[in-house]
Amino acid sequence: GWTGAKVLKLDINGLEQLGIKHPLHVKKLILALRSIGKSDEAGELKCDSWVLPWLHDIGLPQHVPAFREAMVDGRILNFLTYHDLNQLKVRLRLHAVSIMRAVELLRECNFNPNYLNRSRIDNTTRPAEVTFWSHQNVKQWLSANAYAEFTPA
């Protein structure tokens, strides 16, 4: 039978023996097992309640279905690779780079779920805050400053 000790020793092949086929589901379980008993801020960020809205915040909502299917959470984001993005069908290089940069920013903020600035922009915004603007903030600023032709969809 399966004991806790046996489960902790599982690798990718062992998890596949349990019937887990999706490569990111396997990765998710391995990362979860490795994080037992450790502080893991990234692991607190759940797929439906945080990661999927985050994709909207960074302007890439078209990837929500694939991230939902793979159950990508903060822990997966923390260890995300370009190979993983390929498995998630993120085919455009610019999208992949944007996601990876957004993950870097998450790491810099210790996976604080409130790091993105979603509030309205005004004349008191400091240059350092621009790094934390959501997609909506960028669109708002471009429109407000006569750069509407550069506003992303």
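Just so you know, we're using this note's numbering here: the sequence shown kicks off at -5 and counts up by one. Even glycine gets a Cβ: it sits at the ideal position worked out from N, Cα and C. Please read these numbers as outputs of a predicted model, since none were measured by experiment.
For residue 20, the first and last residue of its enclosing alpha helix (DSSP H): 17 to 29
Relative to the C-alpha of residue 91, which candidate in 52, -3, 12 and 37 has its C-alpha closest? 52
If residue 57 and residue 97 are in contact, beta carbons under 8 Å, what's the gap, nearest whole angstrom? Going by Cβ atoms, the distance from residue 57 to residue 97 rounds to 13 Å, so no, they are not a contact pair.
Output needed for residue 46: all residues of its chain with C-beta closer than 8 Å, excluding positions within five of it in sequence on either side, in chain order. 58, 61 and 62
Taking Cβ to Cβ, would you say residue 67 is nearer than 7 Å to residue 103? no
Can you give me the C-alpha to C-alpha distance between residue 26 and residue 17, rounded to a whole angstrom? 14 Å
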